[in-house]
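To start, the structure under review is shown below, and the notes come after it.
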C-alpha cells in the first residue's frame with residue numbers, strides 16, 4: 002500500500018485512475034487527460050499536490066542559512082509573503098531539488114519541495130541547518146491544492162471566507178499570505194494564473210468539493226505534466242538532477258551570482274561552468290508526425306569537435322548527440338514538443354531518433370504556451 006494524501010478518497014469517489022507516484026497513490030486522470038488539460042488552459046482545474054513536502058524553517062540565522070543553502074538569493078525577498086524559485090545544489094553543482102521558498106518573516110521561511118525527493122531533501126537541509134541553529138519542521142498536518150487557469154482565482158475566491166477574499170485578490174504573482182490557518186500563494190506549475198493553497202488536512206476534502214461545485218475540474222498527474230511542459234517548466238529527475246547543474250538545465254536565471262561574496266553551495270563549480278560553456282537545455286518542436294519522449298537521441302550537426310577527439314587541434318565540424326529530457330504531445334499546439342539537453346549550436350534544426358528513424362525538429366525557446374496562448378509559430 003502506498004502513501005495516501007488527505008484527498009485520496011475524494012479522488013476514488015470521482016473515478017480517478019490511481020497510480021503509484023514516488024510511493025504515493027495519486028490520480029493520473031479522471032477519465033480524460035486531454036479534457037483536464039484544456040480545462041486548465043481555458044477555465045479552471047485543480048490538482049492535489051499534498052504529496053509535496055512543506056517545510057518550515059525558523060531561527061535568528063535562518064536568512065543567513067538559506068543564502069548558503071540555495072543557489073538563488075533569499076535576500077531578494079524584501080517583504081513577508083514574497084516567493085523565490087531556486088535550486089538546492091550539491092558541492093559539485095548538481096541539483097538536489099528545485100523548490101519554492103516563501104519569506105514569512107525575517108526569521109521564518111517556508112519551502113515546498115518535490116514529493117519524490119522530500120526525504121532526501123529533508124536529510125540534506127537538516128544536516129546543513131545544524132551549524133546555523135535553524136529549526137526545521139515538516140508540516141505533515143497540511144494538505145495542498147493547486148487551482149490553475151484563467152478563471153481559477155475568481156472561482157477560488159468563492160470558497161474563501163468573506164474577510165479573506167479582498168486580501169487574496171490583491172496577492173501579486175509569486176507571493177503568498179497567511180489567512181487564519183491557510184496559506185494562499187499566487188504560484189503554480191502550469192503556465193496559467195491561479196493559487197496554491199496550503200490548508201489543514203481536515204479542511205482538504207470539503208474544500209475540494211466546494212471548488213468542484215464551483216466548476217473547477219479535477220486534474221491528475223497526466224495533465225499536470227503536459228501543462229508544465231508546454232509552459233517550459235522543468236521536471237526534477239528528467240530535466241535536472243544531481244548529475245547536471247542549473248546552467249545546463251535551462252536554469253541559469255535561478256542562480257544569483259551577485260553579490261560576489263555570497264558563498265552558496267556549488268558556487269565554485271558554476272563559476273567555472275560559466276566560462277567553459279557546455280551543453281544547454283532547449284525546446285524542440287517536431288516538424289513531422291510522431292511523439293517526442295524522454296531519452297530519445299538528438300543529433301546535432303555543425304558543432305566544433307573536441308580536440309581530444311579529432312586529434313587535429315579541434316574545431317572540425319561534426320555531428321554530436323544530445324538527449325530529449327522531457328517530451329510529449331501538446332494538446333494546445335496539436336504538435337509534439339520537448340525539452341532536450343544538447344551541445345550549444347547555431348543550427349536551428351536537429352534530428353531526433355524515434356524508433357530507429359531520424360525525424361527533423363526545430364530548436365525553439367521555451368515556453369511553448371503561456372496563459373493559454375501559443376508563444377511559438379506552429
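In this note's numbering, the protein residues as written are 2 to 379. C-beta: ideal position from N, C-alpha, C; glycine also.
Distance from residue 84 to residue 97 at the Cβ level is roughly 19 Å; contact not present, criterion being Cβ atoms closer than 8 Å.
For residue 229, same chain residues with a beta-carbon under 7 Å away, outside a window of 5 residues either side, are 190, 191 and 236 in chain order. At least 8 Å separates the beta-carbon of residue 183 from that of residue 11.
Non-local C-beta neighbours of residue 43 in its own chain, meaning closer than 8 Å and more than five positions away in sequence, comprise 150, 151 and 373, ordered along the chain. The continuous alpha helix (DSSP H) containing residue 213 extends over residues 202 to 214.
The segment 64 to 88 contains no complete beta strand (DSSP E) run of 3 or more residues. When only Cα atoms are considered, residue 9 and residue 17 end up about 10 Å apart. Going by beta carbons, residue 288 and residue 361 fall inside the 8 Å limit.
When the alpha-carbon of residue 264 is set against those of 124, 21, 253 and 73, the nearest one is in 73. Under the 8 Å Cβ criterion, the segment 256 to 273 does not count as touching the segment 323 to 333, having fewer than three qualifying pairs. Contact check for residue 89 and residue 122: beta-carbon distance about 7 Å, within the 8 Å limit, so the pair qualifies.
DSSP, read as helix, strand or coil, puts residue 352 in strand.
In this structure, residue 82 keeps its C-beta atom at 8 Å or more from the C-beta atom of residue 153.
8 Å or more divides the Cβ of residue 112 from the Cβ of residue 185. Rounded to whole angstroms, the separation of the alpha carbons of residue 163 and residue 250 is 43 Å. Judged by DSSP in its simplified three-state form, residue 223 adopts helix.
Of the residues 197, 143 and 142, the one whose Cα lies closest to the Cα of residue 169 is 197. Secondary structure at residue 108: coil, using DSSP grouped into helix, strand and coil.
Per the coordinates, the alpha-carbon of residue 276 lies some 21 Å from the alpha-carbon of residue 303.
With a contact defined as Cβ atoms closer than 8 Å, residue 355 and residue 231 miss out at about 20 Å. Between the alpha carbons of residue 52 and residue 218 lies a distance of about 19 Å.
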